[in-house]
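Numbering (this note's numbering), first residue to last: 1417 to 1838. Idealized CB from N, CA, C, for every residue including glycine. Notes follow once the structure below has been shown.
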């Protein structure tokens, strides 16, 4: 997610604009108390990202238990799981409007409360229609939280004047690892209902603590509004031109998120199958493939801010996309387990900062609406990735199907060049 106060059509991300220089100057003149407050807001929002990842992972690791509970076939379960995506996609545009009206921070708190209270109900359903109904609510909370959190993060990035968006998504990755790890370890001890209830209560507790800190921090200046006011003072034709360029910019960044999420969704569902069936890896080695990928992605996001400052956001996205493409080709086509694992590590490192930087730049260009559009496109990529890989694997082979992830990563690497022209 990259970030300056605002990304103007004429100011490439790698070249500081006069506005970005003024942000840096303003950040240097802030008193220590203000900087401390912004540090508190950043920490609180990182906690929100972490609990978002934890709650989603807590649900995912108990899907097999809930499938047995509702006696769902693979096809019926797939339809029920689509309700998560339907709830998210339907909610994202509404949440963007609520963020513009009431501010992204209170909407972030409200969305996380909805997500936390929607985690336990799936464990109490006993039919596929009932499961689909509660998953619509879960998807609404998850989609709303992602739009609101990213909008709040874009505002904090703008106020700080530093590209810190990857650190927020590192929190999400760490939360996901914690949720998946704890959920797996406790699977033999706690029932699905007990585990999801604990996760929901933990989510509410973190939301209460982090929400109080976030709402007490200085209000951030909404991103994406100043440009519209300044354009109104000029000619209407130049305003329409700037608005059109902004929409094109957000769309290109949304396509970057789409390509990145396509790979993330495909790898999440097919890594273990590929290592087991095609590379003849044992159960532990196959499980290690996704763990290696997830750890590499978390590490890449932790270092994302430093890389963005050192190399510039366009270069980070360009190098990241091509690194992921090369890693995916190695992981998909290598005949040996160590080579395949090394490939998945490269994929994790390469994809780590593409989605965060794309969402952040979309938010800087279009405010909450830009975040909503790019997030919706990204969510669509994550939704279609696994089934597309499955259909292609049936038609050809799984290794060949997985090479489409490399193609998508390469496209994501090249899109920032088009973004730079806008």
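For residue i, name the three-state secondary structure that DSSP assigns.
i	result
residue 1752	coil
residue 1488	coil
residue 1602	coil
residue 1626	helix
residue 1803	helix
residue 1559	helix
residue 1535	coil
residue 1478	coil
residue 1579	coil
residue 1634	coil
residue 1697	coil
residue 1542	coil
residue 1812	coil
residue 1672	helix
residue 1607	coil
residue 1783	helix
residue 1839	It is not possible to answer for residue 1839, since the shown part of the chain is limited to 1417 through 1838.
residue 1737	helix
Can you find the residues in the same chain that come closer than 6 Å, C-beta to C-beta, to residue i, ignoring five residues on each side of it along the sequence?
i	result
residue 1784	1512, 1515, 1516 and 1567
residue 1460	1626, 1629 and 1630
residue 1761	1708 and 1712
residue 1748	1815, 1818 and 1819
residue 1620	1532
residue 1723	1732
residue 1469	1588, 1591 and 1592
Give me the Cα-Cα distance between residue i and residue j, rounded to the nearest whole angstrom.
i	j	result
residue 1705	residue 1688	7 Å
residue 1644	residue 1779	Here the model assigns residue 1644 a pLDDT of 41, short of 50, so the residue's position is not dependable and the matter cannot be decided.
residue 1696	residue 1734	33 Å
residue 1786	residue 1807	32 Å
residue 1664	residue 1672	12 Å
residue 1464	residue 1615	14 Å
residue 1800	residue 1678	7 Å
residue 1819	residue 1540	40 Å
residue 1609	residue 1810	36 Å
residue 1521	residue 1551	24 Å
residue 1834	residue 1730	10 Å
residue 1751	residue 1713	23 Å
residue 1717	residue 1773	10 Å
residue 1702	residue 1597	16 Å
residue 1604	residue 1537	20 Å
residue 1583	residue 1492	37 Å
residue 1759	residue 1606	35 Å
residue 1788	residue 1580	20 Å
residue 1692	residue 1698	6 Å
residue 1600	residue 1481	12 Å
residue 1830	residue 1796	20 Å
residue 1624	residue 1578	27 Å
residue 1595	residue 1475	9 Å
residue 1569	residue 1674	20 Å
residue 1456	residue 1633	7 Å
residue 1746	residue 1676	18 Å
residue 1472	residue 1726	33 Å
residue 1431	residue 1486	Below a pLDDT of 50, predicted positions are generally treated as unreliable, and residue 1431, at 47, falls in that range; the measurement from the model is reported next regardless. If I take the Cα positions, the gap works out to 55 Å.
residue 1617	residue 1528	12 Å
residue 1821	residue 1832	18 Å
residue 1744	residue 1827	14 Å
residue 1765	residue 1565	23 Å
residue 1798	residue 1563	16 Å
residue 1602	residue 1668	42 Å
residue 1518	residue 1501	25 Å
Under DSSP, the alpha helix (DSSP H) around residue i begins and ends at which residues?
i	result
residue 1769	Per DSSP, residue 1769 belongs to no alpha helix (DSSP H) and is neither H nor E.
residue 1727	1720-1727
Can you list, in chain order, the residues of its chain whose CB lies under 7 Å from that of residue i, leaving out five sequence neighbours each side?
i	result
residue 1488	1496 and 1544
residue 1499	1548, 1551, 1552 and 1555
residue 1446	Any answer about residue 1446 is weak, because its pLDDT of 47 lies below 50 and its placement is not dependable; what the coordinates show is given next. For residue 1446, where only same-chain residues beyond five positions count, there are no Cβ hits under 7 Å.
residue 1757	1704, 1705 and 1708
residue 1694	1814 and 1815
residue 1793	1670, 1671, 1673 and 1674
residue 1483	1493
Given residue i, which residues of its chain have a CB within under 8 Å of its CB, disregarding the five upstream and five downstream residues?
i	result
residue 1802	1681, 1682, 1684, 1685 and 1686
residue 1556	1503, 1504, 1506, 1507, 1530 and 1534
Going by beta-carbon coordinates alone, are residue i and residue j separated by less than 8 Å?
i	j	result
residue 1737	residue 1770	yes
residue 1781	residue 1670	no
residue 1709	residue 1763	yes
residue 1478	residue 1612	yes
residue 1767	residue 1825	yes
residue 1805	residue 1791	no
residue 1524	residue 1561	yes
Hey, would you say the C-beta of residue i is under 7 Å away from at least one heavy atom of the ligand MG?
i	result
residue 1552	In the structure on display, the ligand MG does not appear, and there are no ligands present to speak of.
Examine chain C for any beta-carbon lying closer than 8 Å to the beta-carbon of residue i, and answer yes or no.
i	result
residue 1716	Any reference to chain C falls outside this structure, which holds one protein chain only.
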